[in-house]
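S.K.: Below you will find the structure I want to go over with you.
2 protein chains.
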Amino acid sequence: MAVSKRTPNRPKDAPMPLRKKDAQRASAPVIELADLKDRLGYFVRRLQVAIFQDFIRRLARIDVSPAQFSVLVVIAANPGLSQSELAKTLGIERARLVRMLHGLELRKLTVRLPSSADGRWHALELTREGEKLLARAKVLAAEHEEAMREKLGPERHRQMLELARGFDG
Amino acid sequence: MAVSKRTPNRPKDAPMPLRKKDAQRASAPVIELADLKDRLGYFVRRLQVAIFQDFIRRLARIDVSPAQFSVLVVIAANPGLSQSELAKTLGIERARLVRMLHGLELRKLTVRLPSSADGRWHALELTREGEKLLARAKVLAAEHEEAMREKLGPERHRQMLELARGFDG
DNA sequence: TATTGTTATACTCTATAACTATA
DNA sequence: TATAGTTATAGAGTATAACAATA
Chain A
1 MAVSKRTPNR
11 PKDAPMPLRK
21 KDAQRASAPV
31 IELADLKDRL
41 GYFVRRLQVA
51 IFQDFIRRLA
61 RIDVSPAQFS
71 VLVVIAANPG
81 LSQSELAKTL
91 GIERARLVRM
101 LHGLELRKLT
111 VRLPSSADGR
121 WHALELTREG
131 EKLLARAKVL
141 AAEHEEAMRE
151 KLGPERHRQM
161 LELARGFDG
Chain B
1 MAVSKRTPNR
11 PKDAPMPLRK
21 KDAQRASAPV
31 IELADLKDRL
41 GYFVRRLQVA
51 IFQDFIRRLA
61 RIDVSPAQFS
71 VLVVIAANPG
81 LSQSELAKTL
91 GIERARLVRM
101 LHGLELRKLT
111 VRLPSSADGR
121 WHALELTREG
131 EKLLARAKVL
141 AAEHEEAMRE
151 KLGPERHRQM
161 LELARGFDG
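In order, the protein sequences belong to chains A and B. According to UniProt numbering, the first sequence is numbered sequentially starting from 1. According to UniProt numbering, the second sequence is numbered sequentially starting from 1.
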């Protein structure tokens, strides 16, 4: 497209001669990423957004977000753990977790039991209903993972999982 | 830690015998990730957050976010492109980009020039000040990338960049 | 009618700080 | 005093819808 700054003396109503660049962009715009090509964060972010979009879409029917899924999975595998432990494990703010658990509790999926070991703690557990929903969520999450494997290619998927898994904090 | 549900008959004020599990968690809590270990999205998300945290911290002194950096880079490499093209390229909502460009324009870093090719378009460009700030940002971003290379290990960094870069949408 | 940029709204997430109760 | 959970707030990001100007 033409840039006024570069043709400041041409009247605005004059016919606009298309330069080669204009014609190219009009039919098949190829935008240069330049320095972003060397930024790992840029590509990891784009990949993460794409993965989450697929996950969110597939688990929309049971209304489970990626964060909620991770919370349900970790509680199920570590019944009785505290909110602080859970928050630290998943990198969620404790304050955020409070509201999240409130929502899950309203849906009768999780419970905060008083810990008999320390009066300040809550022992987190899934309800029977929570376990049943998690079972359904795991099926959908496995389908999501398989879709990602197909989209990325099995070999790239395997390598990425291995590389990302090996990274801790 | 002890879970009340599992010892419902013990009075709350009775002394609490520590089971082995309790003692373990108190000293070195090892929380099981279970199913999350097979979720690429989980690890990619954790990695992306870690990368962004470093980037944000390093570019805080010039007040440039990852999204702002990507916008400045792409405008600089494609002067005169439209907001729609920019938004589509970076996966940013057009409505979001409007507010972002408003902020950058208030800081005299970018300008929206009227396009002489199409009255609906704005031709985006950096100001001289925007170019100067971007130059500084690129230096800090390169330092950030080097830090990531060290943190991940050069080989993992190279492989991840190659794998993630090869993924499109 | 379709597109570009814009405004407005609601919702989620992040980042803080402060408060309570318990230790 | 230190910690666990809670509440409140501000800011950023996402997702929509609707609108005016222009094609």
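Built from N, CA and C at the ideal position, the CB exists for glycine as well. Being a predicted model, the structure only gives us computed values, none of them experimental.
Taking the alpha-carbon of Glu145(B) as reference, which of Ala135(B), Thr110(B), Leu161(B) and Glu131(B) has the nearest alpha-carbon?
M.R.: Here the question's residue 145(B) lines up with position 145 in the second sequence. Checked all of Ala135(B), Thr110(B), Leu161(B) and Glu131(B); the closest Cα to Glu145(B) is Leu161(B).
S.K.: Taking all protein chains shown into account, decide if residue 175(B) is buried (16 or more other Cβ within 10 angstroms of its Cβ) or exposed.
M.R.: Outside the displayed range of chain B (1 to 169) lies residue 175(B), so it cannot be described from this structure.
S.K.: Does the beta-carbon of Val139(A) have 16 or more other beta-carbons within 10 angstroms, so that it is buried, or is it exposed?
M.R.: As a first step, residue 139(A) is located in the first sequence; it is residue number 139 there, counting from the start. Classification for Val139(A): exposed.
S.K.: Any chance you could list the alpha helix (DSSP H) runs of at least 4 consecutive residues sitting entirely within the UniProt domain "HTH marR-type" (33-169) of chain B, in chain order?
M.R.: Correct list: 40-58, 66-77, 83-90, 94-106, 128-152 and 154-165.
S.K.: What residue from Ile31(B), Leu33(B) and Lys37(B) has the CA that sits closest to residue 187(A)'s CA?
M.R.: In the structure as shown, chain A begins at 1 and stops at 169. Residue 187(A) is therefore absent and cannot be evaluated.
S.K.: Residues in the same chain with beta-carbon distance under 8 Å from Leu72(B), minus the five sequence neighbours each way, listed in chain order, please.
M.R.: Taking the second sequence and counting its residues from 1, the one referred to as residue 72(B) is at position 72. Excluding positions up to five away in sequence, the list reads Val64, Leu104, Leu109, Thr110, Leu126, Gly130, Leu133, Leu134 and Ala137.
S.K.: Looking at Leu134(B) and the ligand HEM, is the gap between the Cβ and the nearest heavy atom below 6 Å?
M.R.: Although the ligand HEM was asked about, the structure shown includes no ligands whatsoever.
S.K.: Just how far apart, CA to CA, sit Trp121(B) and His102(B)?
M.R.: For the purposes of this step, residue 121(B) is taken as the residue at position 121 of the second sequence. For the purposes of this step, residue 102(B) is taken as the residue at position 102 of the second sequence. So the two alpha carbons sit approximately 16 Å from each other.
S.K.: Applying the criterion that 16 or more other CB atoms from any shown protein chain within 10 Å of the CB defines a buried residue, is Ile56(B) buried or exposed?
M.R.: Indexing the second sequence from 1 puts residue 56(B) at position 56. By the neighbour-count rule (16 or more Cβ atoms within 10 Å), Ile56(B) is not buried but exposed.
S.K.: On a Cα-Cα basis, can you pick out the residue from Gln83(B), Ala123(B) and Ala87(B) that is closest to Pro114(B)?
M.R.: Here the question's residue 114(B) lines up with position 114 in the second sequence. That would be Ala123(B), whose Cα lies nearest to the Cα of Pro114(B).
S.K.: Report buried or exposed for Ala164(B), applying the criterion of at least 16 other Cβ atoms within 10 angstroms of its Cβ.
M.R.: In the second sequence, counting from the first residue as 1, residue 164(B) sits at position 164. So Ala164(B) ends up on the buried side.
S.K.: Does the beta carbon of Leu161(A) come closer than 7 Å to any beta carbon on chain B?
M.R.: Your numbering for residue 161(A) matches position 161 in the first sequence. Yes, Leu161(A) counts as interfacial toward chain B.
S.K.: For the segment 56-79 of chain A, which residues have a CB atom closer than 8 Å to at least one CB atom of chain B, in sequence order?
M.R.: Against chain B - using a Cβ distance shorter than 8 Å - the residues of the segment 56-79 of chain A are Pro66, Ser70, Val73, Val74, Ala76, Ala77, Asn78 and Pro79.
S.K.: Strictly under 7 Å for the Cβ-Cβ distance: is Ala34(A) near chain B by that measure?
M.R.: Stepping through the first sequence from its first residue, residue 34(A) is reached at position 34. So, interface residue.
S.K.: Could you tell me whether the Cβ of Ala164(A) comes closer than 7 Å to any Cβ of chain B?
M.R.: In the first sequence, counting from the first residue as 1, residue 164(A) sits at position 164. Yes, contact with chain B.
S.K.: Whole angstroms are fine: how far does the CA of Phe69(B) sit from the CA of Arg94(A)?
M.R.: Residue numbering aside, residue 94(A) sits at position 94 when the first sequence is read from its first letter. Residue numbering aside, residue 69(B) sits at position 69 when the second sequence is read from its first letter. Looking at the two C-alpha atoms, the distance is approximately 30 Å.
S.K.: With a threshold of 7 Å between beta-carbons, can Arg136(A) be considered close to chain B, or not?
M.R.: Taking the first sequence and counting its residues from 1, one reaches residue 136(A) at position 136. False, the Cβ-Cβ gap to chain B never drops below 7 Å.
S.K.: Using alpha carbons as the reference points, say which of Phe167(B), Ala142(B), Ala147(B) and Glu143(B) lies closest to Arg149(A).
M.R.: Residue 149(A) sits at position 149 when you count from the first residue of the first sequence. For the residues Phe167(B), Ala142(B), Ala147(B) and Glu143(B), the minimum Cα distance to Arg149(A) belongs to Phe167(B).
S.K.: Would Gly91(B) and Ile51(A) qualify as a contact pair, given that the criterion is a beta-carbon distance under 7 Å?
M.R.: Walking along the second sequence from the start, residue 91(B) turns up at place 91. Walking along the first sequence from the start, residue 51(A) turns up at place 51. No. Outside cutoff.
S.K.: Please name the residues in the segment 75-106 of chain B whose beta-carbon is closer than 9 Å to at least one beta-carbon of chain A, in chain order.
M.R.: Answer in chain order: Ala76, Ala77, Asn78, Pro79, Gly80, Leu81, Ser82, Glu85, Leu86, Lys88, Thr89, Leu90 and Gly91.
S.K.: Chain B partners of Val49(A), CB-CB under 8 Å?
M.R.: Position 49 of the first sequence holds residue 49(A). The answer, in chain order, is Gly91.
S.K.: Between Arg128(B), Leu81(B), Ala147(B) and Leu97(B), which lies nearest to Ser116(B) when the distance is taken from Cα to Cα?
M.R.: One-based indexing of the second sequence puts residue 116(B) at position 116. Cα-wise, what sits closest to Ser116(B) is Leu81(B).
S.K.: Kindly indicate which residue of Ala147(A), Leu33(A) and Gly153(A) has the alpha-carbon position closest to the one of Lys88(B).
M.R.: Position 88 of the second sequence, counted from the start, is the residue given in the question as residue 88(B). Nearest option by C-alpha distance: Leu33(A).
S.K.: Check each candidate in Gly153(A), Ala147(A) and Val30(A) and name the one with the smallest Cα separation from Pro79(B).
M.R.: Counting from 1 along the second sequence, the entry for residue 79(B) is found at position 79. Checked all of Gly153(A), Ala147(A) and Val30(A); the closest Cα to Pro79(B) is Val30(A).
S.K.: Which residue wins for smallest C-alpha separation from Pro66(B), given the options Gln53(B), Arg156(B), Arg128(B) and Ser84(B)?
M.R.: For this step, residue 66(B) is matched to residue 66 along the second sequence. Minimum Cα distance to Pro66(B) is reached at Gln53(B).
S.K.: Roughly how many angstroms lie between the CA atoms of Leu152(B) and Gly119(A), to the nearest whole one?
M.R.: Stepping through the second sequence from its first residue, residue 152(B) is reached at position 152. Stepping through the first sequence from its first residue, residue 119(A) is reached at position 119. Computed Cα separation, rounded: 40 Å.
S.K.: With a cut-off of 7 Å, does the C-beta of residue 214(A) fall near any C-beta of chain B?
M.R.: What the structure shows of chain A is the stretch from 1 to 169, and residue 214(A) is not part of that stretch, so it cannot be assessed.
S.K.: Mind pulling the chain B residues with CB within less than 9 Å of Leu109(A)?
M.R.: On the first sequence, position 109 is the one that residue 109(A) refers to. Result: empty, since nearest Cβ-Cβ is about 16 Å, beyond 9 Å.
S.K.: Grab me the residues of Pro154(B)'s own chain with a C-beta within less than 7 Å of its C-beta, minus the 5 sequence neighbours each way, in chain order.
M.R.: Your numbering for residue 154(B) matches position 154 in the second sequence. Around Pro154(B): no qualifying Cβ.
S.K.: Please list the partners that Arg128(A) has in chain B, where partner means a Cβ-to-Cβ separation under 7 Å.
M.R.: For this step, residue 128(A) is matched to residue 128 along the first sequence. The contacting residues do not exist; Arg128(A) stays about 12 Å from chain B at best.
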